[in-house]
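Counted from 1, the sequence shown has number 161 at position 159 by my numbering; the numbering is strictly sequential.
Note that beta-carbon positions come from the ideal geometry of N, C-alpha and C, so glycine has one too.
It should be emphasised that the depicted structure is a prediction, and the values quoted were computed from it without experimental measurement.
One structure is given below, encoded as structure tokens.
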Amino acid sequence: SQGAKNRLVEAMSWELTEKGIVSIGTNPGPVHSDRIYKTVYPKAASEFLRVSGFEELIPTEVEIVNKEILGLLGEDEETIKNGIKAAAEKLGKQESTLTNLLNKVQSIAEKIQKNTSTMIPDQQFLSQDQVATTILTLADDDQAKILNGKIIPGDRVFYPVRSHITSIPETVKQHDYSSKIAVLTIDATDEEDAKRAEEIAANIESNGGQAICFISDKCSKEVQDSITNKFHSHVIDFSKNEEITRWFNTAKSKGDIEVFIHITGKVPNISRLTELSRKEWDGLTNKFINIPATVSQNAMNIFVPNGSNDPRLFKDATGRIVIIGPDLPYGKKIGGGERAKVEVFRGALRPFATTVNQELSDVLKSNVRVFLVLAGAVDGKEPNNARITDAINYSISNDSKSSAEVIFCPDESR
3 SQGAKNRLVE AMSWELTEKG IVSIGTNPGP VHSDRIYKTV YPKAASEFLR
53 VSGFEELIPT EVEIVNKEIL GLLGEDEETI KNGIKAAAEK LGKQESTLTN
103 LLNKVQSIAE KIQKNTSTMI PDQQFLSQDQ VATTILTLAD DDQAKILNGK
153 IIPGDRVFYP VRSHITSIPE TVKQHDYSSK IAVLTIDATD EEDAKRAEEI
203 AANIESNGGQ AICFISDKCS KEVQDSITNK FHSHVIDFSK NEEITRWFNT
253 AKSKGDIEVF IHITGKVPNI SRLTELSRKE WDGLTNKFIN IPATVSQNAM
303 NIFVPNGSND PRLFKDATGR IVIIGPDLPY GKKIGGGERA KVEVFRGALR
353 PFATTVNQEL SDVLKSNVRV FLVLAGAVDG KEPNNARITD AINYSISNDS
403 KSSAEVIFCP DESR
């Protein structure tokens with residue numbers, strides 16, 4: 003997502019400017035290139051067809067067939083014919099079905115391309131030369147000094163996006179969890195994160211539910227013990243997908259799961275992003291991007307068994323997943339660099355939440371939702387855990403499924 007890349011550019015510029023390095027971020031936007039016509043549009047088109055199935059092909063078959071035939075787009079007739087024949091024999095499918103599928107992919111890909119051009123004011127994509135000119139202009143010494151640390155959008159594509167960020171309604175009813183289970187996956191960075199997890203779990207149990215806590219084995223011993231002493235808990239390795247799957251299935255066997263709540267924990271104390279080793283950087287992207295995504299995927303598999311193979315099963319299914327991302331730093335004087343560092347990871351979770359919900363509601367017609375809660379306020383006031391519990395209560399309520407807003411900043415209010 004553009005926004006996520008921009009947050010990274012901002013954080014880097016805070017750190018690099020001090021070293022006398024000029025840094026500018028730009029994204030050239032819609033460019034004419036073989037890659038787009040051969041991969042990007044056809045892949046988007048084939049995903050549309052996978053979601054719905056095509057003729058007698060079920061979604062998993064559409065995926066397998068497309069892997070074989072997508073490369074034929076744009077080739078001459080003879081090559082296409084031979085390629086389809088080979089694929090039909092290999093997969094045991096009718097040649098006519100495969101030909102129809104390839105034609106359908108091509109026509110949808112062309113539609114997507116045409117739609118994209120209608121979102122550009124002058125309907126023109128850029129040439130490679132134009133992009134090169136932009137980059138070299140930005141690299142000019144005088145120009146670069148003026149634009150140091152800035153983001154130059156070259157995108158020009160104005161996608162219609164639903165509004166999706168909100169504070170929380172002032173009056174939120176306490177959810178009744180009676181005889182339901184809430185699964186908490188906890189990747190706490192410090193004791194404060196653990197305390198938040200405990201407050202959420204306590205709210206669930208005092209309202210008739212059972213909290214099952216899965217704690218990351220990367221959490222400190224104190225954090226693990228503190229939660230384990232109070233709630234039904236297991237320490238697991240979040241980096242192993244099959245381990246999450248196994249434990250989620252165990253939780254499912256205990257009863258009806260109302261909600262999955264994932265707590266990423268704070269961004270740990272690091273001096274600078276630009277000085278991290280590859281291993282340390284990967285640790286952060288796992289903690290704030292990959293693990294929340296893996297947890298969400300596994301939770302969806304509980305709400306919609308086999309949904310990843312057959313997306314049609316998502317229609318009308320219900321389920322709630324809440325990701326509690328990293329807090330903004332709080333205190334009297336917070337430096338721009340500090341805030342920018344945290345915004346990199348909040349900024350990466352935002353497009354994730356927006357995209358997933360747009361797919362669930364608009365494409366799959368599902369009532370499964372993934373909500374993102376980002377605590378803390380821009381003015382540095384301390385996050386209030388009770389507001390997070392309110393956000394969770396709201397997201398499980400019936401009101402939330404039709405809400406366009408899927409990202410909650412509970413501490414931001416006027």
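Report the three-state DSSP secondary structure of residue i (helix, strand or coil).
| i | result |
| --- | --- |
| residue 405 | coil |
| residue 5 | helix |
| residue 360 | helix |
| residue 330 | coil |
| residue 24 | coil |
| residue 53 | helix |
| residue 386 | coil |
| residue 354 | helix |
| residue 33 | strand |
| residue 240 | coil |
| residue 275 | helix |
| residue 96 | coil |
| residue 380 | coil |
| residue 77 | coil |
| residue 84 | helix |
| residue 308 | coil |
| residue 113 | helix |
| residue 15 | helix |
| residue 337 | coil |
| residue 392 | helix |
| residue 104 | helix |
| residue 317 | coil |
| residue 298 | helix |
| residue 343 | helix |
| residue 286 | helix |
| residue 415 | coil |
| residue 397 | helix |
| residue 72 | helix |
| residue 10 | helix |
| residue 367 | coil |
Quick check on the burial criterion: 16 or more other C-beta atoms within 10 angstroms. Buried or exposed for residue i?
| i | result |
| --- | --- |
| residue 191 | buried |
| residue 121 | exposed |
| residue 134 | exposed |
| residue 109 | exposed |
| residue 395 | buried |
| residue 402 | buried |
| residue 380 | exposed |
| residue 126 | exposed |
| residue 300 | buried |
| residue 148 | exposed |
| residue 226 | buried |
| residue 349 | buried |
| residue 330 | buried |
| residue 296 | buried |
| residue 177 | buried |
| residue 283 | exposed |
| residue 138 | exposed |
| residue 268 | buried |
| residue 45 | exposed |
| residue 413 | buried |
| residue 15 | buried |
| residue 235 | buried |
| residue 328 | buried |
| residue 175 | exposed |
| residue 371 | buried |
Could you check how far apart the C-beta atoms of residue i and residue j are, in whole angstroms? I think they sit under 8 Å.
| i | j | result |
| --- | --- | --- |
| residue 170 | residue 393 | 5 Å |
| residue 180 | residue 210 | 4 Å |
| residue 389 | residue 374 | With a Cβ gap of about 14 Å, residue 389 and residue 374 do not count as contacting. |
| residue 99 | residue 51 | So it is not a contact: roughly 12 Å between Cβ atoms. |
| residue 322 | residue 261 | 4 Å |
| residue 184 | residue 213 | 5 Å |
| residue 25 | residue 156 | 16 Å between Cβ atoms; not a contact. |
| residue 320 | residue 251 | Between residue 251 and residue 320 the Cβ distance is about 19 Å, and since that is not below 8 Å, they are no contact. |
| residue 312 | residue 61 | 5 Å |
| residue 266 | residue 189 | 6 Å |
In terms of DSSP beta bridges, what is residue i paired with?
| i | result |
| --- | --- |
| residue 235 | 215 |
| residue 323 | 262 and 372 |
| residue 59 | 56 |
| residue 410 | 168 and 375 |
At a Cβ threshold of 7 Å, is residue i touching chain D?
| i | result |
| --- | --- |
| residue 360 | Absent from the structure: chain D. Only one protein chain is present. |
Item to check | 4 or more residues per run - each alpha helix (DSSP H) lying fully within the segment 158-227 | outcome: 193-207
Checklist entry - Where are the beta strand (DSSP E) runs, 3 residues long or more, that stay fully inside the segment 117-155, in chain order? => result 153-155
Next on the checklist: In chain order, what are the residue ranges of uninterrupted beta strand (DSSP E) at least 3 long that sit wholly in the segment 242-270?
Outcome noted: 259-265
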